[in-house]
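Undergrad:
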Amino acid sequence: MSTIRNIVILTGAGVSAESGIDTFRAGSGGGPSLWEQHRVEDVATPEAFARDPELVLRFYDMRREAIQAKQPNPAHVALARLDAEWNGELLIVTQNVDDLHERAGARRVLHMHGEHLNAWCTWCDKRSRWTGALIDRPACPHCGERALRPDVVWFGEMPYRMDEIYAAIRKADLFVSIGTSGAVYPAAGFVRDARRCGAATLELNLERSQGSNWFDETRLGPAGRLVPEWVD
Ligand code: BJW
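Here the sequence shown is numbered in numbering that gives the first Met the number 0, starting from 0 and rising by one per residue.
Structure follows, in structure tokens:
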């Protein structure tokens, strides 16, 4: 990696699969898929939340509780080590709402699809750290209204901090995608953006993603093995 200074790393559900967190899509190689039990349109859209808030809040309360019991795996640990040791610019753009990158020690992490441990008040628009249940409609610590929802990005909503992500991609010498199916935009388009801006592109995944042809190189296998091998 001698000529490389600026790195953007995109992570998806596959990086957390070996920690015991279900991936989203059936056939995506890991353990059971989350949406075998829930149709995406029933739980991950603003329309679903408007139609049946109890179902959606219960689904996210269950996942928040489960994720807090999980631990980072060797892929998170290797990325945290790279983050600590890399002198150039580095940004881990994660689509995951878990906090396993941070718990492994990574600092330069951007959650483009939000964070499980945050609640967003739809009344006053403020975010707060939230580890408990939302189903009981707790009051917002800022304004007191009972209008908290999970601070995650659903289909049809704008992912977070896109300007920062595109700025990092424009400067990147290397773009690495880890454990994502390439089924969800705009993240699925980052590899093309990175190529257009001159970055080398590498995919680390259990199986080929939908955008696999766009990568200069694809390495297939579990992230818990591939990521430490790549970092070392
Ligand atoms: C392993 C492994 C192991 C397993 N080791 N690997 C363009 C074209 C068509 C449609 C659209 C488009 N642009 C926008 C859309 C609409 C929509 C969209 O993409 N729809 C598609 C279904 C086509 N996108 C949106 O609505 C987004 N908003 C938006 O675009 O706003 C406008 C905009 C325009 C332009 C610029 C900017 C904005 C919002 C998308 C929000 C996604 N939200 C979710 C839920 C988050 C909350 C929650 O957690 O519940 O995010 S959906 C879900 O999918 C979640 C994930 O972050 C995301 C991606 O999933 P991921 O991570 O790839 O998981 P899987 O399960 O799909 O794949 C796992 C992979 O790991 C597999 O490849 C396995 O092989 C691998 N794996 N075990 C290594 N051990």
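C-beta atoms are modelled at their ideal positions from N, C-alpha and C, and glycine is treated no differently.
Enumerate, from N- to C-terminal direction, the unbroken beta strand (DSSP E) stretches of 3 or more residues contained entirely within the region 142-199.
TA: Whole beta strand (DSSP E) segments, 3+ residues: 147-151, 173-177.
Undergrad: On a Cα-Cα basis, can you pick out the residue from Leu173, Glu40, Met61, Arg148 that is closest to Ile91?
TA: Looking at the Cα atoms, Leu173 is the closest of the given residues.
Undergrad: So, do the region 42-61 and the region 70-88 have three or more beta carbon pairs nearer to each other than 8 Å?
TA: The region 42-61 is not in contact with the region 70-88.
Undergrad: Taking its Cβ as the centre, do 16 or more other Cβ atoms sit within 10 Å of Met111, making it buried, or is it exposed?
TA: Result: buried.
Undergrad: What would DSSP say about Trp229, mapped onto helix, strand or coil?
TA: Helix.
Undergrad: Scan the region 17-76 and note each continuous alpha helix (DSSP H) run of 4 residues or more that stays entirely inside, going in chain order.
TA: Fully enclosed alpha helix (DSSP H) runs of 4 or longer: 33-36, 39-42, 45-50, 52-67.
Undergrad: Could you tell me the distance, in whole angstroms, from the CA atom of Pro73 to the CA atom of Ile177?
TA: Cα to Cα, Pro73 sits roughly 13 Å from Ile177.
Undergrad: Beta carbon of Pro45, beta carbon of Glu156: below 8 Å?
TA: Taking 8 Å as the Cβ cut-off, Pro45 and Glu156 qualify as a contacting pair.
Undergrad: Rounded to the nearest angstrom, how far is the Cβ of Leu203 from that of Val175, given a contact under 8 Å?
TA: Going by Cβ atoms, the distance from Leu203 to Val175 rounds to 7 Å, so yes, they are a contact pair.
Undergrad: Considering only their Cβ atoms, is the gap separating Asp82 from Trp119 smaller than 8 Å?
TA: Going by C-beta atoms, Trp119 is not nearer than 8 Å to Asp82.
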